[in-house]
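Engineer:
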Amino acid sequence: MPDVSHAPSSSSRELDVAIVGGGLGGLYAIHRLRGMGLKVRAYEAGSGVGGTWFWNRYPGARCDVESLEYSYSFSDELQQDWKWPERYGNQPEILQYINHVADRFDLRRDVELNTRIVSALFDSKAGLWTLRTDKGEEVRARYCVMAAGNLSTPRVPDFKGIGDFKGKWYHSGLWPHDGVDFTGLRVGVVGTGSSGVQMIPLIARQAKHLSVFQRTANFSLPARNGPMEPERESRHKADYPARRRAAYDTPFAIGGYPKPTKSALEATPEERNAAYEAKWREGGSISYLYAYTDLLVNKEANDTASEFVRNKIRGMVKDPATAELLAPKDHPIGTKRLCLDTGYYETYNRPNVTLVDVRSDPIAEITSTGLRTGKQEYELDAIVFATGFDAMTGALREIDIRTSDGAVLADKWAGGPLTYLGLMVAGFPNMFVVTGPGSPGVKTQMIASIEQHVDWIAGCIDHLHRQQLDRIEPAEQAESDWVHHVNAVADSTLYPLANSWYVGANIPGKPRVFMPYVGGFDRYKQRCDAVAAKGYEGFALSRTKVPAG
65 MPDVSHAPSS SSRELDVAIV GGGLGGLYAI HRLRGMGLKV RAYEAGSGVG GTWFWNRYPG
125 ARCDVESLEY SYSFSDELQQ DWKWPERYGN QPEILQYINH VADRFDLRRD VELNTRIVSA
185 LFDSKAGLWT LRTDKGEEVR ARYCVMAAGN LSTPRVPDFK GIGDFKGKWY HSGLWPHDGV
245 DFTGLRVGVV GTGSSGVQMI PLIARQAKHL SVFQRTANFS LPARNGPMEP ERESRHKADY
305 PARRRAAYDT PFAIGGYPKP TKSALEATPE ERNAAYEAKW REGGSISYLY AYTDLLVNKE
365 ANDTASEFVR NKIRGMVKDP ATAELLAPKD HPIGTKRLCL DTGYYETYNR PNVTLVDVRS
425 DPIAEITSTG LRTGKQEYEL DAIVFATGFD AMTGALREID IRTSDGAVLA DKWAGGPLTY
485 LGLMVAGFPN MFVVTGPGSP GVKTQMIASI EQHVDWIAGC IDHLHRQQLD RIEPAEQAES
545 DWVHHVNAVA DSTLYPLANS WYVGANIPGK PRVFMPYVGG FDRYKQRCDA VAAKGYEGFA
605 LSRTKVPAG
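Counting from 65, one number per residue, gives the positions in the sequence shown under the numbering used here.
#1: What separation, rounded to the nearest whole angstrom, lies between the Cα atoms of GLU388 and SER424?
#2: Put TRP233 into one of helix, strand or coil per three-state DSSP.
#3: Chain D beta carbons: is any one of them nearer than 8 angstroms to that of ASN413?
#4: With 16 as the cutoff for other CB atoms within 10 Å, does LYS507 come out buried or exposed?
#5: Pairing CB atoms from the region 367-386 with CB atoms from the region 309-318, are three or more of them under 8 angstroms?
#6: Quick one: which unbroken alpha helix (DSSP H) runs of 4-plus residues sit fully inside the region 425-472? Chain order, please.
#7: Quick check on the DSSP output: the beta strand (DSSP E) that includes THR194 runs from which residue to which?
#8: Round the Cβ separation of VAL113 and VAL209 to the nearest angstrom and send it over; I've been treating them as touching at under 8 angstroms.
#9: Helix, strand or coil for LEU487 per DSSP?
#10: Give the DSSP-derived three-state secondary structure of CYS403 in the structure shown.
#11: Using the C-alpha atoms, what's the distance from ARG587 back to ALA311?
#12: For CYS592, which of helix, strand or coil comes out of DSSP?
#13: For THR418, write down the residues that DSSP places opposite it in a beta bridge.
#14: Under the assumption that GLY483 contacts GLY500 (Cβ atoms under 8 angstroms), give the Cβ distance between them as a whole number of angstroms.
#15: May I ask which residues mark the beginning and end of the alpha helix (DSSP H) holding SER370?
#16: Please report the Cβ distance between TRP239 and ARG401, rounded to the nearest whole angstrom; I am assuming they are in contact, meaning their Cβ atoms lie under 8 angstroms.
#17: Let me know the secondary structure DSSP gives ASN289 once reduced to three states.
#18: Extract the residue ranges of the alpha helix (DSSP H) inside the region 129-178, only unbroken runs of 4 or more that lie entirely within it.
#19: Is it buried or exposed for PRO66, if we count other Cβ within 10 angstroms and need 16 for buried?
#20: Please state whether DSSP places CYS524 in a helix, a strand or coil.
#21: May I ask which residues mark the beginning and end of the alpha helix (DSSP H) holding ILE181?
#22: Please state if the CB of PRO286 and the CB of GLY347 are separated by a distance shorter than 8 angstroms.
#23: Throw me the rounded Cβ distance for the GLU364 and LEU329 pair, which I believe falls under 8 angstroms.
#24: Using CA atoms only, rank isn't needed, just tell me which of ILE267, ALA205, LEU79 is closest to THR411.
#25: Identify the continuous beta strand (DSSP E) that holds GLU78 and give its terminal residues.
#26: In chain order, what residues of the same chain lie with their CB nearer than 7 angstroms to the CB of GLY613, ignoring the 5 residues before and after it?
#27: Less than 8 angstroms between the beta carbons of TRP193 and ALA205, yes or no?
#28: Whose CA, out of ASP222, GLY110, GLN270, lies closest to the CA of ASP198?
#29: Can you tell me whether DSSP reads ALA342 as helix, strand or coil?
#30: Which residue from VAL373, ASN413, GLN143 puts its Cα closest to that of HIS273?
#31: Secondary structure at GLU543, three-state DSSP: helix, strand or coil?
#32: Quick check: the Cα distance between ASN289 and ARG269, rounded to an integer number of angstroms?
#33: In chain order, what residues of the same chain lie with their CB nearer than 7 angstroms to the CB of LEU558, ignoring the 5 residues before and after it?
#34: Nearest to VAL165 by alpha carbon, out of VAL182, TYR136, GLY153, ARG151?
#35: Would you list the one or two residues that DSSP bridges to LEU605?
Now the structure itself:
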């Protein structure tokens with residue numbers, strides 16, 4: 065156990081709240097908590113704010129939630145003033161928006177860039193967190209807010225020979241800020257998740273030849289992206305308050321979609337196909353999954369939605385064998401992150417694109433000149449790993465988080481993450497997590513979940529101060545009951561049928577535990593509100609007794 069010292073070092077900083085992360089969550093936490101008169105500071109590893117939108121600069125990076133929804137709601141002036149150029153914002157547009165918010169609300173003065181938090185220790189006697197940075201600075205704070213993000217720890221596969229490759233390799237989450245020109249190159253893309261689906265059509269236009277190495281096919285729907293229609297924008301902005309309120313009563317925290325009223329099995333085949341066709345033409349994932357009440361809980365109902373998309377793929381891809389490889393058969397639609405694309409499937413009709421099935425012929429190693437499967441060798445000038453992230457727990461597990469009583473977060477989470485409401489961890493007082501495991505964050509419009517979490521945290525700290533208390537942590541039983549509830553809800557759906565990053569399936573050795581809460585944002589928010597209304601039911605609240613002298 066590290067040495068616990070109450071005396072500040074010469075390079076220490078004293079805060080009320082230390083925030084880890086300078087993305088959307090960290091920035092809103094600064095704004096909200098600073099507005100309460102608290103002394104706060106956020107620590108960000110990147111050289112700029114923005115979190116996932118700062119790091120993910122790969123070709124085609126774009127949000128899969130419409131721009132008018134994927135935005136902060138805390139300032140009506142902000143949401144009225146800002147103009148989104150497209151229906152779905154791309155990475156440069158979203159990063160520009162985040163930087164605008166940082167400047168407009170003077171948030172940068174409380175962000176320390178190029179600074180990674182390497183450890184966090186809670187002193188149980190003093191009731192203080194001590195965070196240490198990679199620069200050796202020490203930060204002391206009563207409260208710690210972990211806003212490190214759910215998709216912020218890139219997973220670079222440990223293929224044999226990767227260090228011998230003489231070309232250049234890239235990861236979608238660690239993209240060079242000055243971009244990459246693939247013109248005239250033989251390129252290999254490993255992975256066909258969301259980032260792969262977005263980048264493959266653009267890389268194919270540049271590359272001399274593109275080989276796509278697919279282990280698992282993913283469902284993707286057309287985004288129908290385009291320039292923002294002025295009428296659509298003005299109509300949406302005029303109804304912003306009502307739409308934001310309505311979003312609280314939906315599973316995905318997105319308003320504007322009529323709630324489904326019947327099962328897919330209650331409709332005739334003709335009615336179903338007409339409904340799916342309308343959703344297909346409209347574009348977007350939420351609308352499609354919202355066609356019927358039971359698409360995520362009834363396999364027979366889901367089969368109708370899945371087969372509709374498979375038939376669309378078969379109609380778009382000219383080569384029947386390639387089409388069948390691209391048509392997912394191993395998971396129901398929506399149980400993995402449902403991708404949105406522009407021209408993804410049609411890309412495989414290009415003469416310079418080859419789809420390689422590495423499920424039947426796995427990748428054996430990276431060679432000095434390319435990539436070798438068990439049966440064939442592929443000469444490549446560049447390799448792109450679209451292999452995702454150590455989702456939901458990776459960022460926190462990279463920090464040595466422990467208490468002076470001997471609790472170590474990495475040990476506690478060895479069998480999978482344990483939280484109460486996805487907001488706090490038993491045994492780790494005064495440490496809040498923004499959209500953590502056990503919350504619905506990644507299954508929702510993320511900014512809505514971020515605001516809901518930070519508002520709850522702010523309300524909690526305010527309650528403690530008004531009651532002249534300064535310590536809070538979940539009861540072990542409340543945490544255990546919540547984890548059981550999260551798993552029980554997941555087991556009542558089709559989600560566990562997929563080997564997705566929701567269960568850590570993309571990380572070798574990671575415990576297979578379903579991490580998000582899929583009971584819906586609406587139910588979750590009601591539960592959080594009820595817990596707060598009952599004086600933070602399930603939590604132990606107390607006052608730190610600092611020894612005299």
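The C-beta atom is built at its ideal place from N, Cα and C for all residues, glycine as well.
Structural biologist: Considering the structure as presented:
#1: Start at 1 with the first residue of the sequence shown, and residue 388 comes out as number 324. Start at 1 with the first residue of the sequence shown, and residue 424 comes out as number 360. Cα to Cα, GLU388 sits roughly 14 angstroms from SER424.
#2: In the sequence shown, the residue the question calls residue 233 occupies position 169. If DSSP states are grouped into helix, strand and coil, TRP233 belongs with the strands.
#3: In summary, chain D is missing from the structure at hand, where a single protein chain is found.
#4: In the sequence shown, counting from the first residue as 1, residue 507 sits at position 443. With 16 or more other CB atoms across the displayed protein chains lying within 10 angstroms of its CB, LYS507 is buried.
#5: Short answer: they don't touch.
#6: Whole alpha helix (DSSP H) segments, 4+ residues: 458-461.
#7: Mapped onto the sequence shown, residue 194 falls at position 130. Where THR194 is concerned, the enclosing beta strand (DSSP E) stretches over 192-197.
#8: Counting from one through the sequence shown, the residue named residue 113 turns up at place 49. Counting from one through the sequence shown, the residue named residue 209 turns up at place 145. With 8 angstroms as the limit, VAL113 and VAL209 do not qualify as a contact, their Cβ atoms being about 15 angstroms apart.
#9: What you label residue 487 is simply residue 423 of the sequence shown in a count that begins at 1. Looking at LEU487 - three-state DSSP - the assignment turns out to be coil, as it is neither helix nor strand.
#10: The residue labelled residue 403 in the question sits at position 339 within the sequence shown. CYS403: strand per DSSP, three-state reduction.
#11: For the purposes of this step, residue 311 is identified with residue 247 of the sequence shown, where counting begins at 1. For the purposes of this step, residue 587 is identified with residue 523 of the sequence shown, where counting begins at 1. Cα to Cα, the separation comes out at about 12 angstroms.
#12: Locating residue 592 in the sequence shown gives position 528, where the first residue counts as 1. DSSP places CYS592 in helix when its eight states are reduced to three.
#13: If you number the sequence shown from 1, residue 418 lands on position 354. Its beta-bridge partners are SER275.
#14: By one-based count along the sequence shown, residue 483 stands at place 419. By one-based count along the sequence shown, residue 500 stands at place 436. According to the sequence as given, residue 483 is Thr; it is not Gly. Rounded, the Cβ-Cβ distance is 6 angstroms, consistent with contact.
#15: Numbered from its first residue, the sequence shown carries residue 370 at position 306. Taken as a continuous stretch (DSSP letters only), the alpha helix (DSSP H) holding SER370 covers 363-380.
#16: The residue given as residue 239 occupies position 175 in the sequence shown. The residue given as residue 401 occupies position 337 in the sequence shown. With 8 angstroms as the limit, TRP239 and ARG401 do not qualify as a contact, their Cβ atoms being about 19 angstroms apart.
#17: The sequence position of residue 289 within the sequence shown is 225, counting from 1. Coil at ASN289, not helix or strand.
#18: Runs found: 140-145, 155-168.
#19: As a working mapping, residue 66 is identified with position 2 in the sequence shown. Because PRO66 carries a pLDDT of 34, less than 50, the predicted location of this residue cannot be relied on, and the following value inherits that uncertainty. Counting C-beta atoms within 10 angstroms of its own C-beta, PRO66 has fewer than 16 neighbours from the protein chains shown and is therefore classed as exposed.
#20: Mapped onto the sequence shown, residue 524 falls at position 460. Correct three-state label for CYS524: helix.
#21: Indexing the sequence shown from 1 puts residue 181 at position 117. Unbroken run through ILE181 is the beta strand (DSSP E), 181-187; no alpha helix (DSSP H).
#22: The sequence position of residue 347 within the sequence shown is 283, counting from 1. The sequence position of residue 286 within the sequence shown is 222, counting from 1. PRO286 is positioned such that its CB atom lies closer than 8 angstroms to that of GLY347.
#23: Within the sequence shown, residue 364 is the residue found at index 300, counting from 1. Within the sequence shown, residue 329 is the residue found at index 265, counting from 1. Between GLU364 and LEU329 the beta-carbon gap is near 6 angstroms, inside 8 angstroms, which marks them as a contact.
#24: In the sequence shown, counting from the first residue as 1, residue 411 sits at position 347. Of the candidates ILE267, ALA205, LEU79, ILE267 places its Cα closest to the Cα of THR411.
#25: If you number the sequence shown from 1, residue 78 lands on position 14. Note, GLU78: beta strand (DSSP E), 76-84.
#26: Along the sequence shown, one-based indexing puts residue 613 at 549. Unreliable positioning characterises GLY613 in this predicted model, as indicated by a pLDDT of 45, which lies under 50. A coordinate reading is not provided.
#27: The residue labelled residue 193 in the question sits at position 129 within the sequence shown. The residue labelled residue 205 in the question sits at position 141 within the sequence shown. The answer is yes: Cβ separation under 8 angstroms.
#28: Counting from one through the sequence shown, the residue named residue 198 turns up at place 134. A check of alpha carbon separations from ASP198 across ASP222, GLY110, GLN270 identifies GLY110 as the nearest.
#29: On the sequence shown, position 278 is the one that residue 342 refers to. The three-state reading of DSSP puts ALA342 in helix, counting H, G and I together.
#30: Indexing the sequence shown from 1 puts residue 273 at position 209. That would be ASN413, whose Cα lies nearest to the Cα of HIS273.
#31: Residue numbering aside, residue 543 sits at position 479 when the sequence shown is read from its first letter. In the structure shown, GLU543 sits in a helix (DSSP, three-state: H, G or I).
#32: In the sequence shown, residue 289 corresponds to position 225, counting from 1. In the sequence shown, residue 269 corresponds to position 205, counting from 1. C-alpha of ASN289 to C-alpha of ARG269: approximately 19 angstroms in a straight line.
#33: The sequence position of residue 558 within the sequence shown is 494, counting from 1. Only residues of its own chain outside the window of five on either side were considered, and among them LEU360, VAL361, LYS363, ASN366, PRO396, THR399 have a CB closer than 7 angstroms to the CB of LEU558, listed in chain order.
#34: Residue numbering aside, residue 165 sits at position 101 when the sequence shown is read from its first letter. When the alpha-carbon of VAL165 is set against those of VAL182, TYR136, GLY153, ARG151, the nearest one is in TYR136.
#35: To locate residue 605, count along the sequence shown from 1; it is residue 541. Per DSSP, ILE536.
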